[in-house]
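Asks: Below you will find the structure I want to go over with you.
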Amino acid sequence: MNELNNKHYECIYEIICVNQHEMPNVNVDKLYIKDQILDYLKEKINYILFIGNEKTEIVTKKLGISNGNEDINKNLKVLDKIVRILFSRDFNYQSMKSIKHHINRVNNIITRHIVNCEPIPLYIDLGGGYHASTDIEHEGSISFDINIGEVLLLYQIKKLYNRIKMIYSPAIKFTIVIDNIVANFVNDISIDKTLSYCNKLMELIKILGMDDIVNMLIESEHCNWIFEYKKNEYKKKDLVEFKEYLNVMRFLGRNCSLEEAVDRISRYEFAIRISDNKLNLLIGDEIRFVQRSNSGQLTFRSFPGGAARIQCGSVGFRVNERNKIVPILITYESREKYCCKQVYIDLMDLIYELKNNYIKQHITVSL
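Heads up: the sequence shown at position 337 corresponds to 337 in this note's numbering, and the numbers run straight through without jumps.
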């Protein structure tokens, strides 16, 4: 087996999910990297598919925790353990100092559900229902397809579910929030196309057997507020930073003038306030995560080691100093900074292959 060498350190690897018959020829120098990436994904997908249910039930029984109110209420450490898991480094990248003002409210919410012996509802804002462009030079390069970012998000959710179930058997119910009305209002993104993305994500959730744990809250299906407001009601900003300008182009999937960027940023600041208020009415007094925060909001890592919004680009890989591949969010800026190579994978084929292998192994054992 070839060893990784220093030439890989300056490269990042963007994962392009395609059907098997669309797979292009693969360069020889990418084969070892692709093998590592496939091994990484197989480990995560196998965990989602097969690790958890039997194992956590056994551990729960050993701990003497049941669904009875009396048993759970007697265990005074359950609440503290759940909070520690939620805010551990595996799931939250912020320091406790940054989010300490949420602790009392989080404790109260979790306690309410423990007393009722019910799953703890958790919500995460995923984005507008599409992936921003990683190459704004090519118009129309935004994506409404599922990639490995969504798989790794589901891996994180399943890992959190398993950890909490070990100490609290009702565990959690996770809801992915898609604010596609914001995407339409701000960037004129088709609602039909974002709904197509949502359908693909829900199908992935079902294929991975997570539809009992994860559901979706799609803004356009519950609070289509776009007709309540005219696009000239927002106050326009005077100036924007260059980074904000680039961000607008990424989510448009094309170049635009500075004037257009200012207009769309102004729309966003107006729209996000309306959207948050309306979604919060639906969510109620529950725990709501974002993927990244500069203002002390509660955060949830959407992929292992991540501190980024997966719809701001596409999740790929880099090689760290220990010659191990680690997931990274690939954006337009990172493509400019590093040598970006593309690795093609048939994601659905990989998932079905792993499911079929598992079935074959268990049939063989039973025989």
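Cβ coordinates follow ideal geometry from the N, Cα and C atoms, glycine included.
Around the Cβ of residue 88, are there at least 16 other Cβ atoms within 10 angstroms (buried) or fewer (exposed)?
Replies: exposed
Asks: Jot down the residue ranges of each uninterrupted alpha helix (DSSP H) in the segment 117 to 177, minimum 4 residues, whole runs only, in chain order.
Replies: 148 to 165
Asks: With DSSP run on the structure shown, which of helix, strand or coil describes residue 111?
Replies: helix
Asks: What residue range is occupied by the uninterrupted beta strand (DSSP E) comprising residue 180?
Replies: Looking at the DSSP string, residue 180 is not in any beta strand (DSSP E); the run it does join, the alpha helix (DSSP H), is 180 to 187.
Asks: Could you check whether the Cβ of residue 333 sits closer than 8 angstroms to any heavy atom belonging to the ligand FMN?
Replies: Ligands are entirely absent from the displayed structure, and the ligand FMN is therefore not among its contents.
Asks: Considering only residues of the same chain and omitting the five flanking positions on each side of residue 340, which have a CB-CB separation below 6 angstroms?
Replies: Excluding residues within five positions, the ones whose Cβ falls inside 6 angstroms are 12 and 14.
Asks: Which partner residues does residue 356 have in the DSSP bridge list?
Replies: Its beta-bridge partners do not exist; DSSP assigns none.
Asks: Whole angstroms are fine: how far does the CA of residue 222 sit from the CA of residue 234?
Replies: The straight-line gap from Cα to Cα measures roughly 23 angstroms.
Asks: Counting Cβ pairs, one atom from each stretch, are 3 or more of them under 8 angstroms apart for the segment 243 to 254 and the segment 130 to 143?
Replies: yes
Asks: Grab the span of the alpha helix (DSSP H) containing residue 206 for me, first residue to last.
Replies: 191 to 207
Asks: What does residue 312 pair with, by DSSP beta-bridge criteria?
Replies: Partner(s): none; residue 312 has no beta bridge.
Asks: Helix, strand or coil for residue 344? Go by DSSP, reduced to three states.
Replies: strand
Asks: Here's the rule: buried if 16 or more other CB atoms are within 10 angstroms of the residue's CB, otherwise exposed. What is residue 113?
Replies: buried
Asks: Considering only DSSP beta bridges, list what residue 317 is partnered with.
Replies: 13 and 327
Asks: Taking the runs of the alpha helix (DSSP H) that are 4 residues or longer, which of them lie wholly in the segment 256 to 285?
Replies: For the segment 256 to 285, whole alpha helix (DSSP H) runs of length 4 or above, ordered along the chain, are 258 to 283.
Asks: Could you tell me the boundaries of the alpha helix (DSSP H) in which residue 83 lies?
Replies: Note, residue 83: alpha helix (DSSP H), 78 to 86.
Asks: Of the residues 353, 276, 304 and 37, which one's Cα is nearest the Cα of residue 180?
Replies: Cα-wise, what sits closest to residue 180 is 276.
Asks: Should residue 299 and residue 156 be called a contact, given that it needs their Cβ atoms to be closer than 9 angstroms?
Replies: no
Asks: Have a look at residue 239 and residue 262 and give me their C-alpha separation to the nearest angstrom.
Replies: 7 angstroms
Asks: For residue 218, name the three-state secondary structure that DSSP assigns.
Replies: In this structure, residue 218 counts as strand in the three-state DSSP scheme.
Asks: Need the endpoints of the beta strand (DSSP E) that residue 289 sits in, please.
Replies: 287 to 289
Asks: Could you tell me which residues DSSP pairs with residue 339 in its beta bridges?
Replies: In the DSSP output, where bridge partners are listed per residue, residue 339 has 11.
Asks: Look at residue 283 and residue 161 and say whether their C-beta atoms are less than 9 angstroms apart.
Replies: Taking 9 angstroms as the cut-off, the Cβ atoms of residue 283 and residue 161 do not count as close.
Asks: So the alpha helix (DSSP H) residue 99 belongs to, where does it begin and stop?
Replies: 96 to 99
Asks: Looking at residue 121 and residue 241, is the spacing between their C-beta atoms short of 9 angstroms?
Replies: no
Asks: Can you tell me whether residue 368 is buried or exposed, with buried defined as 16 or more other CB within 10 angstroms of its CB?
Replies: Absent from the structure is residue 368, since the part of the chain shown begins at 1 and ends at 367.
Asks: Check whether the segment 312 to 330 touches the segment 169 to 185, taking contact to mean three or more Cβ pairs, one atom from each stretch, closer than 8 angstroms.
Replies: Using a C-beta cut-off of 8 angstroms, the segment 312 to 330 makes no contact with the segment 169 to 185, since fewer than three inter-stretch Cβ pairs fall below that distance.
Asks: Taking the CB atoms as reference points, tell me whether residue 198 and residue 129 lie closer together than 9 angstroms.
Replies: Yes. Within cutoff.
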